[in-house]
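Below: the structure, in structure tokens.
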Amino acid sequence: MIPTARPLRVLPGVRLLCAILLFGLSAAHGAPVTPPAAAIASAHPAATQAGEQILAAGGNAFDAAIAVAATLAVVEPYSSGLGGGGFWLLHLSGEDRSVFVDGRERAPLAASPDMYLNNSGELVPELALNGPLAAGIPGVPAALDHLAAHYARLPLSQSLAPAIRLARDGFTIDAHYRRLADWRLEVLRASPAADEQFLLAGEVPPEGHLLRQPELAGTLERIAARGRDGFYTGELAEQLVAGVREAGGIWTMEDLRDYRIIERAPIVFDYGDWTITSAPPPSAGGVGLAQMLGMLADLNINAQDRVTRVHLSVEAMRRAYRDRAAFLGDPDQVEMPLARLMHPFYLVGLARDIDPNWATPSQPPALQEAAGEPADEGRDTTHFSILDKEGNRVAATLSINYPFGAGFVPPGTGVLLNDEMDDFAAQPGVANAYGLVGGEANAIAPGKRMLSSMSPTFVESDQGVAILGTPGGSRIITMVLNAVLALTEGGTPADWVAAPRFHHQYLPDVIQHEPAAFDAEEAAALQAMGHRLEPVDPGMFGNMQVIYWDRSKQRVQAASDPRGQGEAKVLTGAP
1 MIPTARPLRV LPGVRLLCAI LLFGLSAAHG APVTPPAAAI ASAHPAATQA
51 GEQILAAGGN AFDAAIAVAA TLAVVEPYSS GLGGGGFWLL HLSGEDRSVF
101 VDGRERAPLA ASPDMYLNNS GELVPELALN GPLAAGIPGV PAALDHLAAH
151 YARLPLSQSL APAIRLARDG FTIDAHYRRL ADWRLEVLRA SPAADEQFLL
201 AGEVPPEGHL LRQPELAGTL ERIAARGRDG FYTGELAEQL VAGVREAGGI
251 WTMEDLRDYR IIERAPIVFD YGDWTITSAP PPSAGGVGLA QMLGMLADLN
301 INAQDRVTRV HLSVEAMRRA YRDRAAFLGD PDQVEMPLAR LMHPFYLVGL
351 ARDIDPNWAT PSQPPALQEA AGEPADEGRD TTHFSILDKE GNRVAATLSI
401 NYPFGAGFVP PGTGVLLNDE MDDFAAQPGV ANAYGLVGGE ANAIAPGKRM
451 LSSMSPTFVE SDQGVAILGT PGGSRIITMV LNAVLALTEG GTPADWVAAP
501 RFHHQYLPDV IQHEPAAFDA EEAAALQAMG HRLEPVDPGM FGNMQVIYWD
551 RSKQRVQAAS DPRGQGEAKV LTGAP
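The opening residue of the sequence shown carries number 1 in full-length UniProt numbering; numbering runs sequentially from there.
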């Protein structure tokens, strides 16, 4: 039996749907039920090609999602992997319903709120970032098995075959791999198994080097043969636990054995003529999008000039991220006032609190020191989008947190572990590696899932259906927001993924932006309103992957972010 969350109450203006409820969106819109082509957009050409192979073999979007996720685990070890977690937002065309598959990591059962504090009660950030003590219990292997058992058409072994071949035969290292491996070089060197797997004689391999991962191939073969049991029980599980504990971690066999995938109610709400389906807690994405778009609709943002639009968007971001810090956490362990946070009356109140001419200070200046700067990394998580010719669709965002996660591989497994424990509020009021400040709702507790910004999203109307998402740490939600705003105003997927981006997350009180986001006149106007601006390298602003089924013209388009090296393909010949 599939574990599911309790149904969430339907509210005016914000509809929260349980995964087991029928969601009759397409039929209600009177739109075509099936698209004229399939499409895949992912962060790496090898992953897109793996998904294409599985669709050509008769698989559906969910089979392809298994192949893409597993292949990304091989070729993007800096972004995701079997030692990490993720969220899969699914739409089942035949049943006309959407499902959110929560494969987020959990804290080990021996975790405690003070596990990253020193004897003086001060946070030691490195403990939550480097080495096995930083690792939550992975969710990706269980999610792949779950997709195969409940939604896919082909055997798990067939969908994992492309990833197994790439792990065994190797792939060539590119400049992006080299940059991130160099940035995490000392951490990778500290783990003998990680050093052997990802480096060459203790150094970053040269561009073009063929990287083979035979132990990872063996682990994938175990999962192909035995499903989740091949990872969470038996010899491999014993190797994982032994390796973690010998290096100072706290995993147990019980941690692995008890890990479960949970199907949750996606968050669904309307923005004008568009219906948006996005991620519920333990993601902050759906709540944040509902709040920001609710405020911006009340402020009639589409009628404003460019500077006012940016100002109002930033103020909406500021308020949504404040609520994120105060209220959101693991829904299985924390009571959250979701109905109130997304209620139209509350959002109107937040919108009316915005001064149209002046920035609202996030905190008195003396408290700004509590907030760190958002991390510079923008592509160390990954996202892919898939549409098949039956109309099934997948938006999936996966992560191991920092580039190369915790930098630790338990010997003999090939599994690079995450450092997602940093996503907890290890010390309430103190920022994590992404500059996010959290409260008690996201404090560390045994078996708890840490709050995330990953926001796989569907946007749908009579006009069309978009499947989108992006990596980018704390910036993910605002990147998706900007894409939704652009989408609802027209243009193409290529326009949406390439548009310059800006971001505010309450603390630190600064607008991070790509250099091309504002011209000199706009920047001066925003500064005159009291905003602080901080330019950021475009490569740090995500790697969005978008598919758009234009129902009005019956065509499918796909786009991969030009900031990355991904590949988007429309597959007219796919089954």
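Glycine included, every Cβ here is placed at the ideal spot set by N, Cα and C.
What you are looking at is a predicted structure, and each value in this text was computed from that prediction instead of being measured.
Whose CA, out of the options, lies closest to the CA of residue i?
{"i": "A142", "options": "A517, I301, G84 and D561", "result": "G84"}
{"i": "Q291", "options": "D255, V348 and S157", "result": "V348"}
{"i": "A41", "options": "A499, M540, A395 and G412", "result": "A395"}
{"i": "Y151", "options": "L90, A190, S157 and D423", "result": "L90"}
{"i": "L92", "options": "T71, R153, A57 and G329", "result": "R153"}
{"i": "D114", "options": "R106, L123 and I477", "result": "L123"}
{"i": "T488", "options": "N60, L328, T382 and G464", "result": "G464"}
{"i": "M421", "options": "A225, A443 and G539", "result": "A443"}
{"i": "N418", "options": "F345, G94, G286 and W251", "result": "W251"}
{"i": "R322", "options": "A483, I54, A441 and R226", "result": "A441"}
Tell me whether the beta-carbon of residue i lies closer than 7 Å to the beta-carbon of residue j.
{"i": "I173", "j": "L211", "result": "yes"}
{"i": "R264", "j": "F62", "result": "no"}
{"i": "L220", "j": "L180", "result": "no"}
{"i": "H531", "j": "A359", "result": "yes"}
{"i": "Q333", "j": "K448", "result": "yes"}
{"i": "A406", "j": "A134", "result": "yes"}
{"i": "M295", "j": "L350", "result": "yes"}
{"i": "S80", "j": "L533", "result": "no"}
{"i": "T457", "j": "S278", "result": "yes"}
{"i": "P280", "j": "I301", "result": "no"}
{"i": "I467", "j": "S385", "result": "yes"}
{"i": "N401", "j": "A43", "result": "no"}
{"i": "S157", "j": "A237", "result": "no"}
{"i": "A167", "j": "L200", "result": "no"}
{"i": "P205", "j": "L416", "result": "no"}
{"i": "L72", "j": "T470", "result": "no"}
{"i": "D423", "j": "P403", "result": "no"}
If you draw a straight line from the C-alpha of residue i to the C-alpha of residue j, how long is it?
{"i": "P493", "j": "A559", "result": "6 Å"}
{"i": "P515", "j": "L109", "result": "44 Å"}
{"i": "G288", "j": "G202", "result": "42 Å"}
{"i": "G139", "j": "L185", "result": "26 Å"}
{"i": "M454", "j": "H311", "result": "24 Å"}
{"i": "A325", "j": "E126", "result": "22 Å"}
{"i": "G178", "j": "A70", "result": "Just to set this straight, residue 178 is Arg in the shown sequence, not Gly. R178 and A70: Cα-Cα distance of roughly 21 Å."}
{"i": "A426", "j": "G439", "result": "9 Å"}
{"i": "G372", "j": "L328", "result": "In this prediction, G372 has a pLDDT of 49, which is less than 50 and means its spatial position is unreliable; what the coordinates show is noted afterwards. Straight-line Cα distance between these residues: approximately 20 Å."}
{"i": "residue 578", "j": "L485", "result": "Residue 578 cannot be examined here, being either before or after the span of the chain that is shown, 1 to 575."}
{"i": "V241", "j": "E105", "result": "15 Å"}
{"i": "A56", "j": "D229", "result": "28 Å"}
{"i": "residue 585", "j": "V307", "result": "Coverage of the chain is limited to positions 1 through 575, which leaves residue 585 absent and any answer about it impossible."}
{"i": "R222", "j": "D519", "result": "54 Å"}
{"i": "E196", "j": "G472", "result": "28 Å"}
{"i": "Q554", "j": "L82", "result": "37 Å"}
{"i": "G573", "j": "G58", "result": "12 Å"}
{"i": "L507", "j": "V459", "result": "29 Å"}
{"i": "D537", "j": "M479", "result": "15 Å"}
{"i": "D495", "j": "A50", "result": "26 Å"}
Which same chain residues, not among the five before or five after residue i, have their C-beta less than 7 Å away from its C-beta?
{"i": "P35", "result": "L387, K389, G391, W549 and V556"}
{"i": "G248", "result": "G131, P132 and L133"}
{"i": "D255", "result": "P108, L109 and I137"}
In three-state terms, what does DSSP make of residue i?
{"i": "Q463", "result": "coil"}
{"i": "W251", "result": "coil"}
{"i": "L468", "result": "strand"}
{"i": "Y78", "result": "coil"}
{"i": "P535", "result": "strand"}
{"i": "E264", "result": "Note on residue identity: the sequence assigns Arg, not Glu, to residue 264. Three-state DSSP puts R264 in a strand."}
{"i": "A27", "result": "Residue confidence is low: A27 scores 35 on pLDDT, short of 50, so the model does not pin down where it sits. No coordinate-derived value is stated."}
{"i": "H504", "result": "coil"}
{"i": "S362", "result": "coil"}
{"i": "S552", "result": "coil"}
{"i": "L350", "result": "helix"}
{"i": "D102", "result": "strand"}
Below 6 Å CB to CB, which residues in the same chain sit around residue i once its five sequence neighbours on both sides are set aside?
{"i": "residue 595", "result": "Here the chain covers residues 1 to 575 and nothing more, so residue 595 does not appear."}
{"i": "P562", "result": "A498"}
{"i": "A193", "result": "V409 and P411"}
{"i": "S461", "result": "D273 and W274"}
{"i": "residue 582", "result": "Here the chain has residues from 1 to 575 only, and residue 582 is not among them."}
{"i": "residue 629", "result": "Any question about residue 629 goes unanswered here, given that the chain covers just 1 to 575."}
{"i": "L144", "result": "I66"}
{"i": "residue 589", "result": "The structure shown does not extend to residue 589, since the chain is modelled only from 1 to 575, so the question has no answer here."}
{"i": "Y346", "result": "R340"}
Grab me the residues of residue i's own chain with a C-beta within less than 8 Å of its C-beta, minus the 5 sequence neighbours each way, in chain order.
{"i": "K569", "result": "A39, I40, A41, T48, E52 and A558"}
{"i": "F171", "result": "A46, V74, V75, L210 and L211"}
{"i": "G208", "result": "T172 and I173"}
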